[in-house]
Amino acid sequence: MATMKTPLLDAQGGSEPRRVANRRTALVLLSIALVFFGGIIASQLVGGTTIGIVVVGFGIIGFLLVAIERGRK
Amino acid sequence: MSSLPHDHAAGEPAGHGLGHDAHGAHPTGIMRWIMTTNHKDIGTLYLWFSMTMFLVGGVMALTIRAELFQPGLQLVEPEFFNQLNTLHGLIMIFGAIMPAAVGFANWQVPLMIGAPDMAFARMNNWSFWLLPFAGSLLLGSFLVPGGAASAGWTLYPPLSVQAGMGMDMTIFAIHIMGASSIMGSINIITTILNMRAPGMTLMKMPLFVWTWLITAYLLIAVMPVLAGSVTMLLTDRHFGTSFFNAAGGGDPVLFQHVFWFFGHPEVYIMILPAFGIVSTIIPTFARKPLFGYASMVYATASIAILSFLVWAHHMFTVGMPAAGQLFFMYMTMLIAVPTGVKVFNWLATMWRGSMTFETPMLFAIGFIFLFTMGGFTGLVLALVPVDIVLHDTYYVVAHFHYVLVAGSLFAFFGGIYYWLPKWSGHMYDETLGKIHFWASMIFFNVTFFPMHFLGLAGMPRRVPDYAPQFTDWNAVATVGAFGFGFSQVLFLYIVIKCIRSGAPAPARPWDGADTLEWTLPSPAPYHTFETPPQVS
Chain D
533 MATMKTPLLD
543 AQGGSEPRRV
553 ANRRTALVLL
563 SIALVFFGGI
573 IASQLVGGTT
583 IGIVVVGFGI
593 IGFLLVAIER
603 GRK
Chain V
2 MSSLPHDHAA
12 GEPAGHGLGH
22 DAHGAHPTGI
32 MRWIMTTNHK
42 DIGTLYLWFS
52 MTMFLVGGVM
62 ALTIRAELFQ
72 PGLQLVEPEF
82 FNQLNTLHGL
92 IMIFGAIMPA
102 AVGFANWQVP
112 LMIGAPDMAF
122 ARMNNWSFWL
132 LPFAGSLLLG
142 SFLVPGGAAS
152 AGWTLYPPLS
162 VQAGMGMDMT
172 IFAIHIMGAS
182 SIMGSINIIT
192 TILNMRAPGM
202 TLMKMPLFVW
212 TWLITAYLLI
222 AVMPVLAGSV
232 TMLLTDRHFG
242 TSFFNAAGGG
252 DPVLFQHVFW
262 FFGHPEVYIM
272 ILPAFGIVST
282 IIPTFARKPL
292 FGYASMVYAT
302 ASIAILSFLV
312 WAHHMFTVGM
322 PAAGQLFFMY
332 MTMLIAVPTG
342 VKVFNWLATM
352 WRGSMTFETP
362 MLFAIGFIFL
372 FTMGGFTGLV
382 LALVPVDIVL
392 HDTYYVVAHF
402 HYVLVAGSLF
412 AFFGGIYYWL
422 PKWSGHMYDE
432 TLGKIHFWAS
442 MIFFNVTFFP
452 MHFLGLAGMP
462 RRVPDYAPQF
472 TDWNAVATVG
482 AFGFGFSQVL
492 FLYIVIKCIR
502 SGAPAPARPW
512 DGADTLEWTL
522 PSPAPYHTFE
532 TPPQVS
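Line order of the protein sequences matches chains D and V.
Quick note on this note's numbering: the first sequence kicks off at 533 and runs consecutively.
Quick note on this note's numbering: the second sequence kicks off at 2 and runs consecutively.
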């Protein structure tokens, strides 16, 4: 998530670096969504509902806190 | 809070980004709306779609209330009543409230952070155009054999496992709407994190942008969970699995756990953008900076985090260990703390401000008053012994309508009145706006306040018929509902009148407004901030 460290637009900068950064951020977010979708079904299949939900829940909270902390000025 | 770019005087149109609009170089006609990748066009599409679904869901609500005007079966068959109840909930949540919030985000997030557009403009177009198909599937399910889904918007098994084809259409519609929401959220988060104007640090962002950043994270976390749960429901229905099918060894209560792991954060997905709108309106009309900006940000994040830890308060009656009940009861009560911080900060912002009471401010104040009432009844329901008595009664119906109608919807009305001059270039009719507010405020309470009494007296929800002792308050609620419904027709008239023939709006019609969008002329040019503004 290097993109989060340098989020601000460069007034003089080109659009290609921004596109790459945007794509990288989107892929990380998409992977989270896919893990949650697959994870909730997988956790039911293996029978570990509580563990699955706890892991997923702490995953979200952890990601949110890290993202805010890294992006904070 | 952000401040105006230092190179532009407050209220004067900024020069950047006017070039394209001056040429009039944007597509026209129907293809403009189908092919558009412009965040303002897509925001407009979201808002009109939301308005349409709001009216459709509203007609369903009025049919429900007409049936409940007196005991006995008057207008519709009980099966159809159940379908109306289910579709009313699904359409209002997924078709009206959520798209309205995304519409606000599309219009306002790029304008408020000084970005030229959303990060993924084509995906933005896709996100919107999935919705009409999902909405058509939901509404079309009324026409198939067996009718629409009738298990309630929560789609609990075993009813949802046994239901007809309408349930499959509903599941497919939820998948489509989920995909739309996830794409929209990825777009919003990426835009906010990567495309802010120079100088616009995270802690300088307007609170509306903050609330949407957190809401988008919530969406990415919980929409896949909903999609996963309805996928399992689908495989139970058609592919011989038994996740939730008790006949095959499955557990119906498991669905409730998974559903509410999505469902409770969903409540905050609907209310956090409303918090952001109210936090924008109140400082403007109090002519003071928002009190406790940083604490508002942390309170929003706290609410979002806690929303993952309270899901089982929706299912205290299914049977769970006392320790589990206590945990979810205390966690639910804990949410009142950051929420109280917000209410306190809104009131402190108004304290000794130079307040004026234009329509957006009236809706913001109405929001605080009624949402706080809804919050308090939420605390009542958080108490396990009380909830066991009140579960599935009209008290619950009153509670969540105070949160979602007087909460989300009132804030959205306020937001539309607030930003309509910027969006349309015209001022709305202030007198009609105030009539709309007072009519909505009065009729809302006439409709939903008596439901507290009905619930406390034991009237169950989701029933087309009831015992005679509930007649009087039901009649009052029905009269209020029709008044509230007609008030929204007035709202539609006000919006159309504003767009077609309202007085020209200045660049900054509200002298207390200080966010970036007010540096642009009204209406906002088709392309804006192509050269990023410098935020001081």
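We put the beta carbon where it would ideally sit given N, CA and C, even for glycine.
The structure displayed is predicted, hence computed values, not measured ones.
- Closest in C-alpha terms to W439 of chain V, from the list V:A135, V:L56 and V:G415, comes V:G415.
- Around the beta carbon of R66 of chain V, 16 or more other beta carbons lie within 10 angstroms, which makes this residue buried.
- Short of 6 Å from the beta carbon of F95 of chain V, and not among the five residues preceding or following it, lie these beta carbons of its own chain, in chain order: M178.
- Three or more Cβ pairs closer than 8 Å define a contact, and the segment 99 to 113 of chain V meets that threshold against the segment 269 to 284 of chain V.
- Cβ neighbours of T236 of chain V within its own chain (closer than 8 Å, five residues either side excluded): T242 and F244.
- Y418 of chain V and P510 of chain V do not touch by the CB rule: their CB atoms are close to 11 Å apart, not below 8 Å.
- Taken atom to atom, the span from the alpha-carbon of T357 of chain V to that of H402 of chain V is near 28 Å.
- Looking at V:L208, V:A62, V:I497 and V:V381, the one whose alpha-carbon comes closest to that of V406 of chain V is V:A62.
- When the five nearest sequence neighbours on each side are left out, the beta carbons in the same chain lying within less than 7 Å of the beta carbon of K343 of chain V are those of F276, M297 and A300, in order along the chain.
- In this structure, the straight-line span from the alpha carbon of D169 of chain V to that of L91 of chain V is close to 14 Å.
- Within its own chain, the residues whose Cβ lies closer than 6 Å to the Cβ of V404 of chain V, once the five positions on either side in sequence are excluded, are G375, listed in chain order.
- Note on geometry: alpha-carbon atoms of K205 of chain V and S537 of chain V lie some 10 Å from one another.
- Bridge pairing for P505 of chain V: V:H427 [DSSP].
- For T378 of chain V, the closest C-alpha among the options V:F286, V:H453, V:Y218 and V:F483 is that of V:H453.
- Note on geometry: alpha-carbon atoms of E518 of chain V and I114 of chain V lie some 9 Å from one another.
- In this structure, V:Y331 is the residue among V:V338, V:Y331, V:T394 and V:V210 with its C-alpha nearest to the C-alpha of V385 of chain V.
- Distance between A383 of chain V and P526 of chain V, taken at the CA atoms: about 48 Å.
- It is roughly 11 Å from the alpha-carbon of V223 of chain V to the alpha-carbon of L566 of chain D.
- As DSSP reads the structure, T394 of chain V sits in a beta bridge with V:P461.
- When Cβ-Cβ separations below 8 Å define contact, N246 of chain V makes no contact with chain D.
- As the crow flies, the alpha-carbon of Q75 of chain V is around 42 Å from that of T340 of chain V.
- By the CB criterion at 8 Å, F317 of chain V and I389 of chain V fall inside the cutoff.
- Comparing alpha carbon positions, the residue from V:W474, V:S441 and V:F445 closest to L455 of chain V is V:W474.
- For the C-beta of V319 of chain V, not a single chain D residue is nearer than 8 Å; the gap to the nearest is close to 14 Å.
- By the Cβ neighbour-count rule, R353 of chain V is exposed, with fewer than 16 other Cβ atoms within 10 Å of its own.
- Going by C-alpha positions, Q326 of chain V is about 12 Å away from L310 of chain V.
- Within the segment 316 to 348 of chain V, the runs of alpha helix (DSSP H) at least 4 residues long that lie entirely inside it are, in chain order, 323 to 335.
- Going by C-alpha positions, W312 of chain V is about 26 Å away from F413 of chain V.
- In the same chain as Y429 of chain V, and ignoring 5 residues on each side of it, the C-beta atoms closer than 7 Å to its own belong to Y418, L421, I495, C499 and G503, in chain order.
- Counting along the chain, F292 of chain V sits inside no alpha helix (DSSP H), nor does DSSP assign it H or E at all.
- Its chain contains H437, A440, S441 and F444 as the residues whose beta carbon lies nearer than 8 Å to that of S488 of chain V, once the 5 sequence neighbours on both sides are disregarded; these appear in chain order.
- Between H40 of chain V and M119 of chain V, the gap from beta carbon to beta carbon is short of 8 Å.
- Between the C-alpha atoms of N346 of chain V and I31 of chain V there is a straight-line separation of about 45 Å.
- Nearest CB-CB separation between A222 of chain V and chain D: below the 8 Å threshold.
- Per DSSP, P361 of chain V is one residue of the alpha helix (DSSP H) stretching across T360 to A383.
- Of all residues in the segment 359 to 384 of chain V, none has a C-beta nearer than 9 Å to a C-beta of chain D.
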